[in-house]
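What follows is a short report on a single structure.
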Amino acid sequence: MLYPIAIAIGDEKHAYGVVVPDVPGCFSAGDTLEEAFMNAKEAITFHIEGMLEDGDEIPQPKPIEQHQQNADFKDFILTFVEVDLSHLLGKSEKINVTLPSLLIKRIDQFVATHPEYKNRSQFLTKIATDRVFA
Numbered sequence: 614m615l616y617p618i619a620i621a622i623g624d625e626k627h628a629y630g631v632v633v634p635d636v637p638g639c640f641s642a643g644d645t646l647e648e649a650f651m652n653a654k655e656a657i658t659f660h661i662e663g664m665l666e667d668g669d670e671i672p673q674p675k676p677i678e679q680h681q682q683n684a685d686f687k688d689f690i691l692t693f694v695e696v697d698l699s700h701l702l703g704k705s706e707k708i709n710v711t712l713p714s715l716l717i718k719r720i721d722q723f724v725a726t727h728p729e730y731k732n733r734s735q736f737l738t739k740i741a742t743d744r745v746f747a
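As structure tokens, then:
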């Protein structure tokens, strides 16, 4: 899932601060921009995990344009981080799904050329998660 983040620029004395507008109370930081991105992904994952344990819903990301218009983020860099929440959804279960053969072939070709997907099941989980929780 793509979450917008707002980054406050750091300097020699201050870390890069990160606010996650769509995940209330979720903040992070990093001494470098790269560290700020990585820490933001981790913060979002842990924060949402806590929310789910408390019985809350997964917060849905809003379009970044909404945050660009927010005066609170006027001096921030707005960008996205990709957060994989599939491991928070519970134990995987094997199911029987019927798909047209051409679609299966296209999915397999796509997975073969996109290393971010380990296999067909992981691809379908990612696509379904993005659609159902969006």
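Quick note: my numbering has the sequence shown finishing at residue 747, numbered continuously throughout. Positions of the beta carbon are idealized from the N, C-alpha and C atoms, including for glycine. Since this is a predicted model, take the numbers as computed values, not measurements.
With DSSP collapsed to three states, give me the class of residue i.
i      : result
Ile622 : coil
Ile671 : coil
Ile723 : According to the sequence provided, residue 723 is Phe. The question's Ile does not apply to it. Here Phe723 sits in helix by DSSP.
Val696 : coil
Taking DSSP's pairing of strands, which residues face residue i in a bridge?
i      : result
Phe640 : Val632
Tyr730 : The partner list for Tyr730 (beta bridge, DSSP) is empty, contrary to what the question assumes.
Leu615 : Glu695
Got a sec: does the ligand HEM put a non-hydrogen atom nearer than 8 angstroms to the Cβ of residue i?
i      : result
Gly630 : This structure simply doesn't include the ligand HEM, nor any ligand for that matter.
Going by the beta-carbon positions, is the gap between residue i and residue j smaller than 9 angstroms?
i      : j      : result
Ala619 : Val633 : yes
Ala628 : Gly643 : yes
Thr658 : Ile677 : no
Ala621 : Phe689 : yes
Where do the ends of the beta strand (DSSP E) carrying residue i lie?
i      : result
Ile708 : Ile708 -> no beta strand (DSSP E), and no H or E assigned at all.
Determine the extent of the alpha helix (DSSP H) in which residue i is found, giving its start and end residues.
i      : result
Phe686 : Taken as a continuous stretch (DSSP letters only), Phe686 belongs to no alpha helix (DSSP H), as it is neither H nor E.
Gly703 : Careful: Gly703 lies outside any alpha helix (DSSP H) and carries neither H nor E.
Phe659 : 646–666
Gln679 : 677–681
On the premise that residue j lies in contact with residue i, defined as a C-beta separation below 8 angstroms, what is that separation, rounded to the nearest angstrom?
i      : j      : result
Phe746 : Gln673 : 7 angstroms
Lys739 : Ser705 : Not quite, the Cβ-Cβ distance comes to about 13 angstroms (not below 8 angstroms), so this is no contact.
Leu615 : Glu670 : Going by Cβ atoms, the distance from Leu615 to Glu670 rounds to 18 angstroms, so no, they are not a contact pair.
Phe736 : Ile720 : 6 angstroms
Leu701 : Leu665 : 6 angstroms
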